[in-house]
Each structure stands twice: as C-alpha cells, then as structure tokens.
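So the protein sequences, as listed, match chains A and B.
Using this note's numbering, the first residue of the first sequence is number 1, and each one after it goes up by one.
Using this note's numbering, the first residue of the second sequence is number 1, and each one after it goes up by one.
So the structure is just underneath, and the comments pick up after that.
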Amino acid sequence: MTSLTAGPSTTRRRVSTIVWRVLTYLALVLIMAPAAWLLIGVLGRAWSHWRWSVLWTQLTPTGGGLRDQILGTLILMVGVFIIAGTIGVLAGIHLAEFTRAHRASGRLSGPLRTASDILSGFPSIVLGYVGYVALVVGLHWGFSLLSALIILSIMVIPYIAKTTENSLRQVPTGYREGAEALGMSAGYGLRKVVLKSALPGIVTGLLLALAIACGETAPLIYTAGFSNTLPHSLTHAQFPYLTYVVFQFYNDPSVQKHYLSYDAALILVVIVLLLLVSSRIVVSRTQRHSESSRGKQGRIFGRFRQDPSRAPEAVPNAGDLPLA
Amino acid sequence: MASVGGAAGRVPATPHAESVGKPPAPRRVADFLRRNEEHAWRGTAWIAVVLPLAALAFAVSVLAVKAWPAIRVNGWYFLYGRTWTDGIGAYGATVHTDGVAHLQGAKFGAWAIIWGTVVSSLIAIVIAVPLSIGAAFALTERLPSWISRPLGFTIEILAGIPSVVIGLWGILTFGPWLAKNVYPAIADHMPNVPILKYFRNPVGGGEGLLSAGIVLALMIVPIIASTTRDLFQQVPPLPKEGASALGMTDWEVASKVTLPWVRSGIIGATVLGLGRALGETIAVAMIGGAILHIPPTVYLPFTTVAATILTQLDGALTDGTGFAVATLAELALVLAVISVGVNLLARLIINRTGRVGAPVGGA
Numbered sequence: 001m002t003s004l005t006a007g008p009s010t011t012r013r014r015v016s017t018i019v020w021r022v023l024t025y026l027a028l029v030l031i032m033a034p035a036a037w038l039l040i041g042v043l044g045r046a047w048s049h050w051r052w053s054v055l056w057t058q059l060t061p062t063g064g065g066l067r068d069q070i071l072g073t074l075i076l077m078v079g080v081f082i083i084a085g086t087i088g089v090l091a092g093i094h095l096a097e098f099t100r101a102h103r104a105s106g107r108l109s110g111p112l113r114t115a116s117d118i119l120s121g122f123p124s125i126v127l128g129y130v131g132y133v134a135l136v137v138g139l140h141w142g143f144s145l146l147s148a149l150i151i152l153s154i155m156v157i158p159y160i161a162k163t164t165e166n167s168l169r170q171v172p173t174g175y176r177e178g179a180e181a182l183g184m185s186a187g188y189g190l191r192k193v194v195l196k197s198a199l200p201g202i203v204t205g206l207l208l209a210l211a212i213a214c215g216e217t218a219p220l221i222y223t224a225g226f227s228n229t230l231p232h233s234l235t236h237a238q239f240p241y242l243t244y245v246v247f248q249f250y251n252d253p254s255v256q257k258h259y260l261s262y263d264a265a266l267i268l269v270v271i272v273l274l275l276l277v278s279s280r281i282v283v284s285r286t287q288r289h290s291e292s293s294r295g296k297q298g299r300i301f302g303r304f305r306q307d308p309s310r311a312p313e314a315v316p317n318a319g320d321l322p323l324a
Numbered sequence: 001m002a003s004v005g006g007a008a009g010r011v012p013a014t015p016h017a018e019s020v021g022k023p024p025a026p027r028r029v030a031d032f033l034r035r036n037e038e039h040a041w042r043g044t045a046w047i048a049v050v051l052p053l054a055a056l057a058f059a060v061s062v063l064a065v066k067a068w069p070a071i072r073v074n075g076w077y078f079l080y081g082r083t084w085t086d087g088i089g090a091y092g093a094t095v096h097t098d099g100v101a102h103l104q105g106a107k108f109g110a111w112a113i114i115w116g117t118v119v120s121s122l123i124a125i126v127i128a129v130p131l132s133i134g135a136a137f138a139l140t141e142r143l144p145s146w147i148s149r150p151l152g153f154t155i156e157i158l159a160g161i162p163s164v165v166i167g168l169w170g171i172l173t174f175g176p177w178l179a180k181n182v183y184p185a186i187a188d189h190m191p192n193v194p195i196l197k198y199f200r201n202p203v204g205g206g207e208g209l210l211s212a213g214i215v216l217a218l219m220i221v222p223i224i225a226s227t228t229r230d231l232f233q234q235v236p237p238l239p240k241e242g243a244s245a246l247g248m249t250d251w252e253v254a255s256k257v258t259l260p261w262v263r264s265g266i267i268g269a270t271v272l273g274l275g276r277a278l279g280e281t282i283a284v285a286m287i288g289g290a291i292l293h294i295p296p297t298v299y300l301p302f303t304t305v306a307a308t309i310l311t312q313l314d315g316a317l318t319d320g321t322g323f324a325v326a327t328l329a330e331l332a333l334v335l336a337v338i339s340v341g342v343n344l345l346a347r348l349i350i351n352r353t354g355r356v357g358a359p360v361g362g363a
C-alpha cells in the first residue's frame, strides 16, 4: 500500500499536472489575445475616421466611398451561392448517398473523394493563375465577373460538398429505414426525409463557404481585375470588390485611400461576422426543434446518460458506443 | 439502401394512393416520376462531382502546357538555382534556347522562393500545433461550457476573417509591434552558433520571415484547434474516467488516453493546416516583404511561391517573349505539386494509423 500512496514520483506527477494545466491555459491565451487584438484593431482603425457615406458613395480616384465595391462583393457572393451551392450540394449528395463505403474496413475511399480532397487543398493563387491563363486570356473574356465567379466557385465547391456529405452522414439510419418501410422510393425518401433533416448542416456549410468566398483576394486579382464602378456586362469589364481595396490602398500615397482600406477591412469583417452568426442561429434553432441534428458525438453520450430511453434513436449505430 | 430503392420505387407511395383511386393516366405519370426520381438524383449528383474534378484536371493540364517551355529551358536549375533575373528592363535581345524565345540574361532559379515557402510554413506549424492542442484541451476538458463556447466561437471567427484583413493588421500593427518589443529581446541574447545565429540582429521593421510565420500560425490555428476540439469531444468519457479512477493525473490521462485516441486526426488536421500555410498568398505577400532572396536573419523580408506568383505577374507580362509568364506557370506547378503531395500524405497518414477511436475497442 505504501508504494501506491507515497511512491517516489508523486511530487513529479503533481508538478507535471500543474505545469500541464498552466500550459493549456497559456496556449488558449496566446491564441485568444491576438484574435481579440485583431478584431479590436480592425474596428479601431476604421472607427476613428468612420463616415457612413462610405456605404453609398462611389469610389473616385481621390477618395469617395465604397458603394460599388460592397455591391460587387455581394454580387460575387450571390453568384457563388448559386453556382457552387448547386454543384457542391449535389456533389455532397453523391459522395454521401451514392458512393459505397469500403466494405472490409468501413473506410471511405475511392478516386472521387481523393480528387475532391486534393481540390479542396489546391492553392487558390494557382487556381487564379489558371483562370487568368484559360479564361481571361484564353477565352478572351478579359478581367471580368464571369471568370471570377467560375474560379471562386471551383474553389469553394469541395468545401460545400464536404459539409453536405458530413451532415448527410449524420442523418440517423432509422430515418432512411423508416422512409423505406413506408414505401417511399429511394429518390423521394432522399428528398423528403434525408435531405430535409440534413438541411441545417448544409445551410451552415453554405454560409461558411460564402464567408470564404467574400474574403478571397489572390484569385480575384487574376480574374476580376478591379474597377471603381460596377460594370454592366459579365465579361470584358473589370469588376470591383472589397478585398482589393484592403490589399492595394493601405500603402497608397493618399491618406483618404488608407482610410478606405481600413473601412473595407471593417466591412469585410462585419459581413463575415453576420454570416458566422447566422450559421450559428441556424444550428441552434434546429437543435432545439429537431432530434435529427445531434452535432457532436459528445452530445449523444450526454443525452444517453440523461435519458436512456431515447438512446436507441439518438445513436446512429450502436457499434460507436464503447460498451454496446 | 440504394440497392433496394429500385424495387421500392414500384410500390405505390402510400396506401392512400390506391384506396382513393386516382384516374389512371396521372398515376402512371406520377409512377414514372417516382420511379425515376432516384435516377435523376444520381445523374445530376454524378455530374456535380465530376464537373469540379474535370476543372481540376483541366487546371493541371493548362499549367503543364503553359509551363512546358520554361521547364525545358530552366531545367533542374529552377529547383536549386539561387539567381532569379527576368532580364526585363535590361533591354536585352531576344535569344532562343531549344527553340524557346526568352530575353537575354533571363535566369530563373527558384531555390530561395521554395525555401521561403517551406520554412515559413514549418515555423507556422511549429507554433500552431502545440498552441492548438493546448487550447483544445483547455476548452474541452477544463473550462465550463459558458466560457468555452464563446471562446470556441472566437476561434471560428478567426477562421473566417479574410486573409487580406489579417495581412493588413499584421503589416500595420502586429509586425511593427513584434519588431519593436519582442524581436530585440530575442536577438540580443542569441549565441552565435549554427541555426540560432539566424535569430541574431538585425531585426528589421517587422516585415519578414518570422512575422509571416507567426501570422500564418494564427491563420492555421483555427483549422487545427477546431478539429482537435471536435476530436476530443468524440473521445468517450468512460476510458478517461476509468483512467482517472485508476489514479492517473490530468497529464497522464491526456497523454496516455485522450491524445493516442485522436492522434491520427490531429496529424491529419496538422497536415491540412500545413497545406493552407503553403498556399497562403495575400497575407504572406503583405507581411513577408516579397523580396527574392534567402534572408540573412529570420526577421528580414523573404518571399514564397504563392506571393511571388502574385507580385511578379505584372512585371512578367511586360516580357514580350512570354517566357517570364511561362516561368510563373512553372512556379505555380511546383506549388500545386507540393500542396497535392502534402494532401496525399495527410490521407496516407490517416489511413495508416486508422480512424478516430481505433486504439481502444474501436469498431
């Protein structure tokens, strides 16, 4: 007994625990402090000279506002939402519903998923360069909205596909079996039951993809160019957007342009915050109302302990439980 | 489920459909639609998967075709050479090598660029991984949820902040602050021995390799930290509680139960973060200084592949022979190969070490 209670390493173990706790908190602080500093810094830099007319006046060579750049960014987001949203969600459906898991290992493999992963890790500047070579120069579209939209969409499609796939996989098997038992055809069941309960996850993925799209700069410089005002055509006209303002105006000789750069940064952060908060709202609302959207597994175990009678429904397959 | 779908399609959707007795013709149409809805889903979904992949294949082939003349002329020198002169502005004559036109005196060796890319990303990883794991532990294991939730959300915000905004903050606020308050303290006390001597003076003005590495770390922390946090939450409580009950300390539970349980996931997230750092363009172009050499100390300006592609295009377009643009394509190809390689490595690691939960009683 003595060796258990008063072993020679007790002090060392006690110290190691304290050191470990301190280090984890230190790591958290070292991440949070710059993050908070960044957000406050962006706000502070823009706030000291903020004027609301930035939102509705046009950019001029000497100053003015950012109306057309804001609209341009919003148009890019809508375009990406339509193009990449459609293709990405459908691709996610394919990966989740129509691709079989490897039977022996249960591992998800296959050339399609590998290629999709590669595309999601593909550097955006390289895609931008390809867009420049193939669309801007090759197809003679010039710097334009259309080239920018296509390149941005290709960039975020794998992301949307991935989040769609993941949220489809979280739909309990019981839902599919129930749909089938009620005699629904596979397609109808997919639309009415599976997709419906995966919708919050899909919407969250879409919103986050929009946040990525509105913050991109490098590929846009190569495909959209930049202009002070909104053009009237899809091709052959350079297109305005906010990130370029941040990137180029901060070291412009004119102080007015510095201010515009800080303003553009603030507006971008506000757009991203709105998207993130709305994705949060989507998640929390559906978690309150629906049973299907158990996000993390930790929550399943939590529920399992609180209310054992509901466990069989809440757990997708019992093999995941360590004690099943 | 999908295999049964075909048969189920022929069954009327609900008992109602028969008992109510709709007129036959519309029901045939409805039946047809119902039977083929799955085919429609499958068809469009297949197109949606193949389309972006075709775009990927197209992108790689465009790069390869565009870069081919540069690959032939630059040869292996491109990968190890230390001289990068485009010959523009020297009013050099156009000369031909192997039938490829380029400006006289153009010599492209990208070693410094590739070096900068790899080293800045490694600095980012070295900083980001321990911070992320520590923070994820604090968030999931120690802090109550009313405080860990808003903190977790802050990390998500950090992930969503556009890189150009982070770059702006880095170059105007953070970099100068580091150069004024942190770097001198390090530089003044570094001994003149190999490796550490790169941390000696001069410290510069905050635009440079170390600043870029730190900011890159800040950008990939959300990727690694949020994945790690999710993984920790997936570790079932019973093994951890069992370990505690056996008398293990916090540190022992973490290092002997939790971390081994999610090891492969963390490695995968790390490599994904590495991929992001390698391909990051705007922030590095702003903070790194975009100077084409290997910096004498870690505090001084450098460049990466992505930043070079961004900053050199305008200049390259003035090369009438088009050789400078072809060389940029070669550079883009190098970056694509590196990042695809890193991505495949991540998959390999994850596949070899198994899925989450493999070490103890996994399915």
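Where a beta carbon is used, it is the ideal one built from N, C-alpha and C, also for glycine.
Query	Result
Candidates B:Leu-56, B:Ala-217, B:Thr-303 and B:Val-73: closest to Phe-108 of chain B by CA position	B:Val-73
According to DSSP, residues forming a beta bridge with Ala-101 of chain B	B:His-96
Neighbour-count burial assignment, Ser-292 of chain A, 16 or more Cβ in a 10 Å radius	Reliability of the predicted coordinates at Ser-292 of chain A is poor, the pLDDT of 44 falling under 50, and the value obtained from them is presented with this limitation in mind. Buried, since its Cβ has 16 or more Cβ neighbours within 10 Å.
Span of the alpha helix (DSSP H), counted from its first residue to its last, around Val-257 of chain B	No alpha helix (DSSP H) holds Val-257 of chain B; DSSP gives it neither H nor E.
Secondary structure of Phe-32 of chain B, DSSP reduced to three states	helix
CB contact below 9 Å: Gly-279 of chain B versus chain A	yes
Residues that DSSP places opposite Lys-107 of chain B in a beta bridge	B:Thr-85
Of the listed residues B:Pro-236, B:Ala-316 and B:Ile-220, nearest to Gly-273 of chain B (C-alpha basis)	B:Ile-220
Beta carbon proximity, Asp-117 of chain A to chain B, threshold 9 Å	yes
Residue-level contact to chain A via CB, Lys-256 of chain B, 9 Å cutoff	no
Cutoff 9 Å: Gly-72 of chain A Cβ touching any chain B Cβ	no
C-beta neighbour in chain B for Trp-50 of chain A, strict 9 Å	no
Best match in B:Gly-81, B:Val-100 and B:Leu-122 for proximity to Ala-112 of chain B [C-alpha to C-alpha]	B:Gly-81
Residue span of the alpha helix (DSSP H) that contains Trp-37 of chain A, given as start and end	10-47
His-232 of chain A versus A:Gly-41, A:Gly-72 and A:Ala-27, residue with shortest Cα-Cα distance	A:Gly-72
Span separating the alpha-carbon of Val-262 of chain B from that of Pro-144 of chain B	22 Å
Closer than 9 Å to chain B by CB, Ser-261 of chain A	yes
The alpha helix (DSSP H) enclosing Ile-157 of chain A, as first and last residue numbers	145-169
Touch test, the stretch 236-252 of chain A against the stretch 207-222 of chain A, Cβ-Cβ under 8 Å, three pairs minimum	yes
Any chain A beta carbon closer than 9 Å to Pro-191 of chain B	no
Below-9 Å beta-carbon distance, Ile-309 of chain B vs any chain A residue	yes
Three-way DSSP call (helix, strand, coil) for Thr-60 of chain A in this model	strand
Cα-Cα separation between Phe-153 of chain B and Val-137 of chain A, rounded to whole angstroms	42 Å
Cα-Cα separation, Gly-295 of chain A to Leu-119 of chain A	Because Gly-295 of chain A sits at a pLDDT of 44, beneath the cut-off of 50, its placement in the model cannot be relied upon, and the following sentence gives the value as read from the coordinates. Cα-Cα distance, rounded: 26 Å.
Chain-order list of residues whose beta-carbon lies under 7 Å from that of Gly-64 of chain A (same chain, five-residue window excluded)	Thr-57 and Gln-58
Ile-281 of chain A, buried or exposed, once every other Cβ within 10 Å from all chains shown has been counted against 16	exposed
Outcome for Pro-158 of chain A when other beta-carbon atoms lying within 10 angstroms are tallied against a minimum of 16	buried
The stretch 114-132 of chain A contacting the stretch 244-264 of chain A, beta-carbon criterion three pairs below 8 Å	no
Pair within 9 Å by beta-carbon distance, Val-164 of chain B and Ala-265 of chain A	yes
Nearest to Leu-23 of chain A (by Cα), restricted to the options B:Ala-277, B:Ala-93, B:Leu-139 and B:Phe-32	B:Leu-139
Local Cβ density within 10 Å of Asn-343 of chain B, reported as buried at 16 or more and exposed below that	buried
Buried or exposed (CB count within 10 angstroms, at least 16 for buried), Leu-40 of chain B	Strictly speaking, residue 40 of chain B in this sequence is Ala, with Leu absent from that position. So Ala-40 of chain B counts as exposed.
CB contact below 9 Å: Arg-303 of chain A versus chain B	Bear in mind that the predicted position of Arg-303 of chain A carries a pLDDT of just 39, short of 50, making it unreliable; the figure below should be weighed with that in mind. False, the Cβ-Cβ gap to chain B never drops below 9 Å.
Chain B residues whose Cβ lies nearer than 7 Å to that of Thr-243 of chain A	Pro-162 and Val-164
Cβ separation of Ile-202 of chain A and Thr-163 of chain A, assumed to be a contact under 8 Å, to the nearest whole Å	7 Å
Span of the alpha helix (DSSP H) around Phe-199 of chain B	No alpha helix (DSSP H) contains Phe-199 of chain B, which DSSP labels as neither H nor E.
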